[in-house]
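Okay, so here's the structure we're looking at.
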Amino acid sequence: MVKVWDTLSADSEERGDNNNNFSTRTSVLKMSLTCYTKATKPFQGQKPGTSGLRKAVKVFQQEHYTENFVQCILSAVGGGLTGSTLVVGGDGRYFGKKACDTIVKMCAANGVRKVIVGENGILSTPCVSCMIRKYKTSGGIVLTASHNPGGPNADFGIKFNISNGGPAPDSVTNRMYEISREIVEYRICPELHCDISTPGTQQFVVENRPFTVEVVDSVKDYVDYMKEIFDFPAIKDLITGAKGQPLTILIDAMHGVTGPYVKKIFLEELGAGPDSAVNIVPLEDFGGHHPDPNLTYAADLVKAMKDGDFGFGAAFDGDGDRNMILGHKAFFVTPSDSVAVIADNTDSIPYFKKNGVKGLARSMPTGCAIDRVAEKKGVEVFEVPTGWKYFGNLMDAGRLSICGEESFGTGSDHIREKDGIWAVLAWLSILATRNTTVEQVLLSHWGTYGRNFFTRYDYENCESGPCNQMMSELDAMSCDPGAVGKEHTHAGKTYKVAKIDNFEYTDPIDGSVAKKQGVRVLMTDGSRFVFRLSGTGSSGATVRMYVESYESDPSTYTKDAQDVLKPLVEIALSVSKLKEFTGRQQPTVIT
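All residue numbers in the sequence shown are consecutive under full-length UniProt numbering, ending with 591.
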């Protein structure tokens with residue numbers, strides 16, 4: 001059969017938007033393509049975690065595995081797909097282009113009218129959220145395993161974002177999982193072939209229905225939005241030294257998706273020198289590194305900051321939604337402090353001067369520094385389970401403006417995802433307004449609010465069985481009346497247990513309930529430790545232990561958090577019997 005192509009002016013196509021982020025050429029395939037229903041069987045374990053399904057690449061490469069999960073997404077959305085538009089893109093990791101091609105073919109077969117795809121399948125997670133909201137699409141499919149490693153022997157992931165731009169809530173992901181356990185077939189249009197390497201419009205006829213693939217510049221929409229939110233000229237003056245000493249910055253994209261965004265924003269728009277950004281070429285395996293912006297996996301950046309004379313440093317993860325902030329000589333800003341500082345300095349950001357601050361929030365394990373800001377400012381503060389999806393309802397209801405997670409996620413209601421570049425621009429805005437250093441901003445903040453000392457211990461790829469048993473025993477402590485009131489002492493420091501529970505959250509907007517979100521051991525002085533199993537790994541179990549203590553004595557503010565928290569850390573390890581259950585004497589990562 002001969003395929004006949006025509007080339008038309010893109011103006012002849014109805015866009016549904018007034019943006020110029022599209023090619024001026026349109027390719028049209030007049031031949032009607034046939035869709036097929038393929039028989040399949042369920043795969044065990046296709047249960048989305050806190051942010052989608054993440055597995056080893058080799059798992060996704062199994063015959064029908066990816067198709068099964070994509071069909072579960074499309075079926076869970078249901079009739080709302082007919083005639084709809086979806087955004088598709090990802091962090092550029094290995095297997096992404098193949099998965100993108102499969103998704104486009106399945107969208108065509110399942111009644112979707114149009115897909116907007118990032119050039120070469122590249123879109124940061126924040127950009128996907130931005131585009132869903134800008135173009136009012138029915139949602140988006142994001143190809144990422146976030147901060148997990150990439151490559152043929154590493155991880156891949158797929159998640160669905162709903163029409164508000166945020167990760168699918170439990171009601172949707174639970175439906176996906178139920179479908180995955182019973183799926184017997186999927187729909188696909190194997191004859192549909194599109195080129196996603198160049199921006200432009202490709203039009204097809206699929207079983208006598210029109211179907212459009214719009215390949216877009218991966219960066220433009222997001223950059224335009226950041227320029228609306230922040231005062232770019234003020235930040236540029238700070239970096240270039242137009243009104244004083246220039247601020248030397250060092251940004252590490254960790255060979256993730258943010259590379260092109262970093263180049264456009266920090267080098268081209270804000271005037272930073274070419275040596276101000278490193279690892280900005282996206283690679284399918286992230287250069288063989290773990291694209292997780294913390295002190296362990298971004299050690300090269302930490303060393304460069306310590307050895308150099310940079311005033312500000314930052315790193316981003318694979319898909320661009322996480323960030324790490326460093327000051328001069330690698331002064332480390334904890335994510336818990338970072339979001340609190342941003343919330344306390346909203347007058348530095350035009351977006352908040354225009355829209356105001358409606359409320360603040362954090363995930364349960366996150367340090368409570370932002371709570372103190374909320375109290376002073378007289379706004380609501382919410383404590384939600386881990387997972388950005390829990391912030392979405394609050395934002396949509398107009399009750400939340402700024403939020404964060406201790407896992408290096410920071411964001412606001414400008415989109416419905418955490419946003420690494422947004423957080424860095426927020427910090428640069430604060431430095432531009434206050435004309436001071438990162439360290440001085442923190443010291444001033446602690447002087448006003450006191451300091452919440454915080455640390456997290458990660459034990460990665462542990463055996464699941466013993467870890468689940470450990471969590472069960474910790475959970476049982478919440479029902480043991482003898483556990484409350486018990487005193488624990490280490491190195492001369494004594495803590496008395498005030499409460500033990502397994503965190504449960506009732507959404508104040510829709511009443512939905514999330515149970516067993518992490519065991520909390522709360523002390524009478526406000527200190528606490530928390531245990532939970534991570535939902536973002538691809539295999540095994542990752543145990544996360546969070547330890548926090550508040551100090552109002554200024555003489556303690558500059559002490560090392562590990563020194564201050566060591567007695568409570570040792571008590572937490574003893575109470576949980578973590579070393580016995582995991583067989584690990586040391587954590588994989590300390591934050």
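Just so you know, even glycine gets a beta-carbon here, dropped at the ideal spot from N, CA and C.
Going by DSSP, M324 is part of the beta strand (DSSP E) stretching over N323 to G327.
Taken in chain order, the complete beta strand (DSSP E) segments of 3 or more residues contained in the segment 291-355 are 312-316 and 323-327. In this structure, K55 sits away from D170, with a CB-CB distance that is not shorter than 9 Å. In the three-state DSSP reduction, A541 falls in the strand class (E or B). Residue nearest to T258 within the set Q203, P233 and G90 is G90 (criterion: CA-CA distance). According to the DSSP assignment, R372 belongs to the alpha helix (DSSP H) that extends over A369 to K377.
Taking a cut-off of 8 Å for Cβ pairs, the segment 483-498 and the segment 554-574 touch, as three or more such pairs fall below it. With contacts defined by Cβ atoms closer than 9 Å, R93 and G318 form a contacting pair. In this structure, I421 sits away from S412, with a CB-CB distance that is not shorter than 9 Å. With fewer than 16 other Cβ atoms inside 10 Å of its own Cβ, C479 counts as exposed.
For T448, the number of other beta carbons within 10 angstroms of its own is below 16, and it is reported as exposed. Ranked by Cα distance from V484, the first of G409, A476 and V497 is V497.
Within the same chain, Cβ atoms closer than 6 Å to the Cβ of A168 are found at F160 and I162, the five residues on either side in sequence being excluded. In the three-state scheme derived from DSSP, where H, G and I count as helix and E and B as strand, H289 is classed as coil. Excluding the 5 residues flanking it on each side, D507 has same chain C-beta neighbours closer than 7 Å at N393, in chain order.
Considering only N164, S32 and F266, the residue with the shortest C-alpha distance to F232 is F266.
Contact check for P42 against R181 passes: the beta carbons are separated by less than 9 Å. Between the alpha carbons of L431 and N148 lies a gap of roughly 31 Å.
Counting only residues of its own chain and dropping the five nearest sequence neighbours on each side, V373 has a CB closer than 6 Å to the CB of A340, A343 and D344.
Residue environment analysis places Q517 among the buried positions, since at least 16 neighbouring C-beta atoms fall within 10 angstroms of its C-beta.
When the Cα atoms are used, M254 and V262 turn out to be separated by approximately 11 Å.
Shown here for K306: same chain residues with a beta carbon closer than 6 Å to its own, the five before and five after excluded, namely K329 and A330 in chain order. For I103, the enclosing alpha helix (DSSP H) has its first and last residue at G96 to A109. Going by C-alpha positions, G157 is about 22 Å away from A298. Only residues of its own chain outside the window of five on either side were considered, and among them V117, E119, I196, T198, P199 and G200 have a CB closer than 7 Å to the CB of V215, listed in chain order. Residue pairing from DSSP places C403 in a beta bridge opposite A361 and G411.
As a beta-bridge residue in DSSP terms, F529 pairs with V521 and V547. For the pair V205 and T85, the Cα-to-Cα distance works out to about 16 Å. Taking C-beta atoms as the reference points, Q46 and N68 count as a pair closer than 9 Å.
Short of 7 Å from the beta carbon of I179, and not among the five residues preceding or following it, lie these beta carbons of its own chain, in chain order: C72, S75 and A76. Fewer than three pairs of CB atoms, one per stretch, sit closer than 8 Å, so the segment 348-363 makes no contact with the segment 436-447. In terms of Cβ geometry, V438 and L522 do not form a close pair [threshold 9 Å].
Taking every protein chain shown into account, the CB of P126 has 16 or more other CB atoms within 10 angstroms, so this residue is buried.
One alpha carbon belongs to G256, the other to D285, and they sit about 9 Å apart. The criterion of a C-beta distance shorter than 9 Å is not satisfied by T410 and T591.
When DSSP states are grouped into helix, strand and coil, M31 belongs to the strand group.
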